[in-house]
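Here the protein sequences line up with chains A and B, keeping their order.
In terms of the working numbering, the first sequence opens at residue 1353 and continues consecutively.
In terms of the working numbering, the second sequence opens at residue 1353 and continues consecutively.
For every residue, glycine included, the Cβ atom is placed at its ideal position computed from N, Cα and C.
There are 2 protein chains.
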Amino acid sequence: MSKHGAYLWGVLENFKDLEVTLTETPQPKPKDDELIFGHNFTDHMLSIEWSEQRGWDKPCIHPVRELLIHPAAKVLHIAIELFEGMKGYRCVDGKIRLFRAMENMKRMRRTAERASLPDFDGGELLRLIKKLITIDRDWVPRSEKCSLYIRPPTLHRGDIPLTLQISRPCFFMSSAAKLFVLLSPVGPYFHTGFKPVTLLADPRFVRAWPGSCGSFKMGANYAPTIQVQDHAMREMDCQQVLWLFGDDHKLTEVGTMNLFMYWINEQGGQRRAGYTTTAWIDSTWNYTQISSGTFSAVGEGNVWAGTACVVCPIEKILYQGQILEIPTMTKAKLTNRFFNHLTDIQYGRIPHSWMEGVDDDTEVVA
Amino acid sequence: MSKHGAYLWGVLENFKDLEVTLTETPQPKPKDDELIFGHNFTDHMLSIEWSEQRGWDKPCIHPVRELLIHPAAKVLHIAIELFEGMKGYRCVDGKIRLFRAMENMKRMRRTAERASLPDFDGGELLRLIKKLITIDRDWVPRSEKCSLYIRPPTLHRGDIPLTLQISRPCFFMSSAAKLFVLLSPVGPYFHTGFKPVTLLADPRFVRAWPGSCGSFKMGANYAPTIQVQDHAMREMDCQQVLWLFGDDHKLTEVGTMNLFMYWINEQGGQRRAGYTTTAWIDSTWNYTQISSGTFSAVGEGNVWAGTACVVCPIEKILYQGQILEIPTMTKAKLTNRFFNHLTDIQYGRIPHSWMEGVDDDTEVVA
Chain A
1353 MSKHGAYLWG VLENFKDLEV TLTETPQPKP KDDELIFGHN FTDHMLSIEW SEQRGWDKPC
1413 IHPVRELLIH PAAKVLHIAI ELFEGMKGYR CVDGKIRLFR AMENMKRMRR TAERASLPDF
1473 DGGELLRLIK KLITIDRDWV PRSEKCSLYI RPPTLHRGDI PLTLQISRPC FFMSSAAKLF
1533 VLLSPVGPYF HTGFKPVTLL ADPRFVRAWP GSCGSFKMGA NYAPTIQVQD HAMREMDCQQ
1593 VLWLFGDDHK LTEVGTMNLF MYWINEQGGQ RRAGYTTTAW IDSTWNYTQI SSGTFSAVGE
1653 GNVWAGTACV VCPIEKILYQ GQILEIPTMT KAKLTNRFFN HLTDIQYGRI PHSWMEGVDD
1713 DTEVVA
Chain B
1353 MSKHGAYLWG VLENFKDLEV TLTETPQPKP KDDELIFGHN FTDHMLSIEW SEQRGWDKPC
1413 IHPVRELLIH PAAKVLHIAI ELFEGMKGYR CVDGKIRLFR AMENMKRMRR TAERASLPDF
1473 DGGELLRLIK KLITIDRDWV PRSEKCSLYI RPPTLHRGDI PLTLQISRPC FFMSSAAKLF
1533 VLLSPVGPYF HTGFKPVTLL ADPRFVRAWP GSCGSFKMGA NYAPTIQVQD HAMREMDCQQ
1593 VLWLFGDDHK LTEVGTMNLF MYWINEQGGQ RRAGYTTTAW IDSTWNYTQI SSGTFSAVGE
1653 GNVWAGTACV VCPIEKILYQ GQILEIPTMT KAKLTNRFFN HLTDIQYGRI PHSWMEGVDD
1713 DTEVVA
């Protein structure tokens, strides 16, 4: 598969060219306990334009504003777009750190290639994101229930032909693109402790397929799931969709999140955790990765999901007209253990190499 | 599955409220023989805003201009967008007519439901499109090799949360949307007669699957195909992708177009045509619809594809390292027969119920 290698950023040159325009009308900052996920944005955003002729233009930090997009831009017609979801935390020592940020940069670059969007230097983009956070650092919540959600998308733009054309190969890649980064202070998903969820597991709905782009963070993976999620909530009284795959109804993901399972296996009592996509479970947890589970295992133990919302326990699964009860809250203490361990790392109560400082003088905490 | 029934347009009220702002700087019109598919736009576009609170706002025809879109709009992150591709023709009697326009309206409404975008009255939107074409009628090419391509997308917009959230069902539908229509005068795909193409048929790449949204015209179906098309052209020397599905490598589509086959079947000489998605082949052609073909049939006869580019003959298929030669150009005269019959209808040389007049006084030609 082809790459856009010619358009790689220089590692430091780009950062050096950064232009910063600060807002003249700073917005009032919401209180930590009033934050709703994804509703608030900080004062500034990062924008970088790319064109086939000139490569990446100089990056700009400027007040958050609406984008001007030509109505024929491919992002509005054929969904040439990708995004990432990252998180930053104000740690107990007062410093702001990012959680596994380079992993997001790596996936973003992998996705850019799959989406025929321009490649970039991940370390360079991360430096620019850190600079943006430093400028808006007073927006990073102080509560240990809150964090800063970081959303960098790339998308196609420009006055590009509406359709693909047989004789013009250059049209198959985006000839103009924009990368931008928004910051959003966010509260906890669950204000009143863990609220266990019920999942709809219906094999009629399939989220990803071999040979498509399920392992990339392209916008195209999300749009088809909205109606199914809506159906689960409005008509089936479930909070999320457990996506199945194949004739044997393999478990894949919950909503847009990873799924973790804990159960007693057939070989006599050994406990295992399984996960299905790249996950943050450490080898220190001593669990074995499995590629997928099926319903033969689900009923025997506990199941839960965790992501940007940290951890969410699952107590019921609606599958082929039956409610499967999962004793996540009564039998297992793993939800709490999981949550506490992860947030200890994120808020800096336990120093960890996954956390990377935002300030220039804050190096990785080992 | 849920519907947005509450937001249906009134059949005529909306049209009555139309606001028209004509351009003060009309653009020079390109010559018919200089038109490239999807490069040129007429002077005006149609825009209609929708919000959950107010439903559809009054439609506006105004000069083509860039759209202002909030950087958090779902269309830029999770690809909540759809489109249609329609065609209008200046017929031999001088009148402008649309080709099977209500079929596009029907599919657009079906797609809107699948994409969780607001529903609308198809007849009403068609009236508005006709009004737009009437205003820009001098842009409709006069050559019988050219036509007017009509592109109406709907997309999510607005300052909407970045992510889906468990506790807020209203976020799963778009709370603000925009529908707009662009007109693009287009030339023929092939300036110098039919140019037969070679297809890449590689079962590693899958465009659609059961339980997803392959039968809807969502932007999300297109983005994942770009890299594969690029691979076919740059690395495999093929012009288009023949998408396969399943362990038996069923033939589904070519690029984003329908595929038609003609061959001698096993039961002794009877000729058949097959098509795989909703196609315009009429029962008057006396062909039998088949749901899909496989490679056991391909080598025995002729294969070609037809769509917005009218008809495109296929002469070779690269499949598992072998080139399959299809004698489309030498044995069968069907490509020409197909092309002539279809363009006779489109340019009004044969009156047909599929064609619908753009002018208010031009009724359907039966």
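Local conformation of residue i per DSSP, three classes
i, result
"Glu1486 (chain B)", "The question names Glu, but residue 1486 (chain B) in the sequence shown is Thr. DSSP places Thr1486 (chain B) in helix when its eight states are reduced to three."
"Ala1464 (chain B)", "helix"
"Val1424 (chain A)", "Looking at the sequence shown, residue 1424 (chain A) is not Val but Ala. DSSP places Ala1424 (chain A) in coil when its eight states are reduced to three."
"Gln1579 (chain A)", "helix"
"Cys1412 (chain B)", "strand"
"Asp1713 (chain A)", "Confidence at Asp1713 (chain A) is low in this model, with a pLDDT of 43, below 50, so the placement of that residue should be treated as unreliable; the coordinate-derived value is given next. Correct three-state label for Asp1713 (chain A): coil."
"Met1707 (chain B)", "strand"
"His1429 (chain B)", "helix"
"Ala1572 (chain A)", "helix"
"Leu1370 (chain B)", "coil"
"Arg1442 (chain A)", "strand"
"Met1588 (chain B)", "coil"
"Trp1561 (chain A)", "coil"
"Lys1458 (chain A)", "helix"
"Ala1631 (chain B)", "Any reading at Ala1631 (chain B) must be qualified, since the residue scores a pLDDT of 39, below 50, and its modelled position is unreliable; the value itself is stated next. Looking at Ala1631 (chain B) - three-state DSSP - the assignment turns out to be coil, as it is neither helix nor strand."
"Glu1605 (chain B)", "strand"
"Glu1404 (chain B)", "coil"
"Glu1476 (chain B)", "helix"
"Ile1666 (chain B)", "strand"
"Ile1481 (chain A)", "helix"
Distance between residue j and residue i (C-alpha atoms, nearest Å)
i, j, result
"Gly1440 (chain B)", "Tyr1501 (chain B)", "6 Å"
"His1396 (chain A)", "Gln1379 (chain A)", "10 Å"
"Asn1456 (chain A)", "Val1710 (chain A)", "15 Å"
"Pro1665 (chain B)", "Pro1548 (chain B)", "5 Å"
"His1429 (chain B)", "Cys1590 (chain A)", "25 Å"
"Pro1493 (chain B)", "Gly1539 (chain B)", "8 Å"
"Pro1679 (chain B)", "Ile1578 (chain B)", "28 Å"
"Glu1436 (chain A)", "His1422 (chain A)", "24 Å"
"Phe1389 (chain B)", "Arg1466 (chain B)", "29 Å"
"His1704 (chain A)", "Lys1482 (chain A)", "19 Å"
"Phe1546 (chain B)", "Leu1387 (chain B)", "18 Å"
"Gly1700 (chain A)", "Asp1445 (chain A)", "7 Å"
"Lys1368 (chain B)", "Lys1410 (chain B)", "9 Å"
"Thr1687 (chain A)", "Thr1695 (chain A)", "12 Å"
"Val1558 (chain B)", "Ala1584 (chain B)", "14 Å"
"Ala1309 (chain B)", "Leu1419 (chain B)", "Past the edges of chain B, shown from 1353 to 1718, lies residue 1309 (chain B), and the structure says nothing about it."
"Leu1531 (chain A)", "Asp1471 (chain A)", "11 Å"
"Arg1459 (chain A)", "Met1438 (chain A)", "11 Å"
"Arg1461 (chain A)", "Ser1468 (chain A)", "11 Å"
"Asn1392 (chain B)", "Asp1554 (chain B)", "34 Å"
"Lys1698 (chain B)", "Ile1675 (chain B)", "Here the sequence assigns Gln to residue 1698 (chain B), which means Lys is not the residue at that position. Distance between the alpha carbons of Gln1698 (chain B) and Ile1675 (chain B) is about 35 Å."
"Trp1491 (chain A)", "Phe1451 (chain A)", "17 Å"
"Arg1479 (chain A)", "Ser1399 (chain A)", "14 Å"
"Leu1374 (chain A)", "Met1454 (chain A)", "27 Å"
"Pro1562 (chain B)", "Trp1561 (chain A)", "10 Å"
"Cys1571 (chain A)", "Ala1464 (chain B)", "Correcting the residue type first, residue 1571 (chain A) is Gly in the shown sequence and not Cys. Those two C-alpha atoms are separated by around 17 Å."
"Lys1447 (chain B)", "Thr1486 (chain B)", "11 Å"
"Lys1383 (chain A)", "Pro1504 (chain A)", "24 Å"
"Arg1586 (chain B)", "Arg1449 (chain A)", "43 Å"
"Ala1431 (chain A)", "Arg1489 (chain A)", "32 Å"
Integer-rounded CB distance, given that residue j should sit under 8 Å from residue i
i, j, result
"Lys1602 (chain B)", "Leu1596 (chain B)", "6 Å"
"Gln1581 (chain A)", "Leu1551 (chain A)", "In fact, because the Cβ distance is near 11 Å, the residues do not count as touching under 8 Å."
(message) Report the start-end ranges of each beta strand (DSSP E) in the stretch 1673–1704 of chain B that is 3 residues or longer and not cut off at the edges.
(response) Under the rule that a run must span 3 or more residues, the beta strand (DSSP E) segments found entirely inside the stretch 1673–1704 of chain B read 1674–1677.
(message) Against chain B, which members of the stretch 1560–1575 of chain A pass a CB distance test of less than 7 Å?
(response) The residues in question are Trp1561, Pro1562, Gly1563, Ser1564, Cys1565, Met1570, Gly1571, Ala1572, Tyr1574, Ala1575.
(request) Identify each residue in the stretch 1431–1458 of chain A for which the Cβ-Cβ distance to at least one residue of chain B is less than 8 Å, and report them in chain order. (result) Flagged, chain order: Ala1431, Ile1432, Glu1433, Phe1435, Gly1437.
(request) Output, in sequence order along the chain, the residues in the stretch 1464–1494 of chain B whose CB is closer than 8 Å to any CB in chain A. (result) So the list reads Glu1465, Arg1466, Ala1467, Ser1468, given in the order they occur along the chain.
(request) Report the residues of the stretch 1409–1427 of chain A with a CB closer than 9 Å to any CB of chain B, ordered along the chain. (result) So the close ones are Val1416, Arg1417, Glu1418, Leu1419, Leu1420, Ile1421, His1422, Pro1423, Ala1424, Ala1425, Lys1426, Val1427.
(request) Anything in the stretch 1576–1587 of chain A with a Cβ closer than 8 Å to a Cβ of chain B? List those residues in chain order, please. (result) So the close ones are Pro1576, Ile1578, Gln1579, Gln1581, Asp1582, His1583, Met1585, Arg1586, Glu1587.
(message) Can you pull out the residues from the stretch 1388–1399 of chain B whose beta carbon lies closer than 9 Å to at least one beta carbon of chain A?
(response) Going along the stretch 1388–1399 of chain B in chain order, one finds Ile1388, Phe1389, Gly1390, His1391, Phe1393, Met1397, Ser1399 with a Cβ nearer than 9 Å to chain A.
(request) Determine which residues of the stretch 1678–1701 of chain A have a Cβ less than 8 Å from any Cβ of chain B, and write them out in chain order. (result) Listed by position, the residues of the stretch 1678–1701 of chain A near chain B (Cβ gap below 8 Å) amount to none.
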